[in-house]
Ligand code: ACO
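Residue numbers (the numbering used here): 41 to 397.
Dropping the structure here:
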């Protein structure tokens, strides 16, 4: 199958809107049990439930238990996704995990997950693209599948952001939560062997594009703990191992980049805003989601808003929102879902998926 290579990061069929030969055959998510409410945060920093809800749309978020690491969340999301796809871990040939919060810098958390799942035949690697990571990993999986290099790819977005959140900084500690989401990606041939047991588990890829602007890397970062600024007593004292972000600049960039990416996707596929049933942006802030929908010409009631009980779970937010949309009965065969991501890097991504019959 030939594709229009308008950009090397863009996958779109030569017949606009036609499927790309990449399917999702099962997906699921996991949220840890503990819940932190806005009222809980207001006991430690100068904030209020009213302020957080009005400015972000978030009421509460989940936090991993002390003994849980990112790999535990990833495995808990992956097992039901594999069950729904009717695929065993042994059948997987590739595992891709998008995360900014791996269990440790070395080894890749995907290797820990491979062992935990018992996916002995799979090659595993991590994908680092901040909050856009899940769509970057799905895009990578799509390229592997289309190249014939992989047939059954487990893609996971998993984060324990509360481990890098500064609970002394009211501008950021209100935003972040922990969680994971997983999807099984196959070629149509490999997917045909799976009996998709429940409705809305099958998705087919119509369009995928990625973008990055490293000149704005300073807007969201963890200043210390890497090779530029290794861990020391001073970096720990200065709280430089926590996530820092310029909230207002990030807000503006998020709206601009996601709206532009959505416009490019519609133009490339020949679709119009009225063809899109759901817009599923990264769940950073309800005001960002509504602004992106409006700028794309899609009524805000068709925007999936799911951060109220989960907060910003970074690379996990899109698969968590997708899984919860299916649970609440929002998805139906034939619908088109426009997914949009934005995060540290800066990175952004856009994909269009059709819910299969
Ligand atoms: N409670 C009460 N007041 C607060 C709080 C709080 N939690 N936080 C900030 N304020 C105050 C500020 O001090 C400021 O007061 P001042 O005017 O007296 O100085 C006022 O509220 C307004 O502050 P802003 O920063 O302008 O608030 P804003 O409306 O921009 O909301 C927020 C801040 C929620 C962080 C918003 O900018 C945002 O959501 N940005 C995007 C975040 C995001 O998308 N992150 C994703 C990337 S992160 C990643 O990749 C892992």
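For every residue, glycine included, the Cβ atom is placed at its ideal position computed from N, Cα and C.
query	result
Neighbour-count burial assignment, residue 129, 16 or more Cβ in a 10 Å radius	buried
Residue environment, residue 146, which counts as buried when at least 16 other CB atoms sit within 10 Å	exposed
Residue 356 Cβ short of 6 Å to the ligand ACO heavy atom set	no
Supposed close pair residue 299, residue 336 - CB separation, criterion 8 Å	6 Å
C-alpha distance - residue 83 paired with residue 183, whole-angstrom precision	47 Å
Residue 98 Cβ short of 6 Å to the ligand ACO heavy atom set	no
Segments of 4+ residues assigned as alpha helix (DSSP H) that fall wholly inside the region 205-291	228-232, 273-277
Any alpha helix (DSSP H) of 4 or more consecutive residues that is wholly inside the region 130-187	149-157, 173-186
Exposure label - residue 228; buried when at least 16 CB within 10 Å	exposed
Cα-Cα separation between residue 152 and residue 356, rounded to whole angstroms	18 Å
Nearest-angstrom Cα separation, counted from residue 178 out to residue 133	15 Å
Any non-hydrogen atom of the ligand ACO within 6 Å of residue 126 CB	no
Closer than 6 Å: residue 325 CB and nearest the ligand ACO heavy atom	yes
Proximity winner among 73, 96, 333, relative to residue 219 (alpha-carbon distances)	73
Among 350, 230, 257, nearest to residue 127 - alpha-carbon criterion	230
8 Å Cβ shell around residue 393 - same chain, five flanking residues per side excluded	64, 243, 244, 245, 246, 376, 377, 379
Close Cβ partners of residue 191 (< 8 Å) along its chain, the five nearest in sequence each way excluded	133, 185, 226, 227, 229, 230
Cβ pair residue 321, residue 332 closer than 7 Å	yes
Whole-angstrom distance between residue 208 and residue 60, CA atom to CA atom	46 Å
Sequence ranges, beta strand (DSSP E) only - wholly within the region 285-332, length at least 3	318-321
Cβ-heavy atom distance, residue 295 to the ligand ACO, below 6 Å	no
Within the region 91-116, ranges of the alpha helix (DSSP H) (whole runs, at least 4 residues)	none
Rounded C-alpha distance that separates residue 386 from residue 255	8 Å
Option nearest residue 340 by Cα separation, candidates 349, 351, 328, 348	328
Opposing strand residues paired with residue 394 [DSSP bridges]	244, 376
Close beta carbons around residue 154, own chain, < 6 Å, minus the five adjacent residues each side	135, 162, 164
Local Cβ density within 10 Å of residue 293, reported as buried at 16 or more and exposed below that	buried
Option nearest residue 326 by Cα separation, candidates 315, 318, 351, 317	351
Beta-ladder partner(s) of residue 63, from DSSP	226, 244
Secondary structure of residue 68, DSSP reduced to three states	strand
Nearest-angstrom Cα separation, counted from residue 89 out to residue 55	49 Å
Alpha-carbon spacing of residue 383 relative to residue 123, whole angstroms	30 Å
Reference residue 252; option with closest CA among 281, 306, 171, 224	171
For residue 173 and residue 248, the rounded distance between their alpha carbons	13 Å
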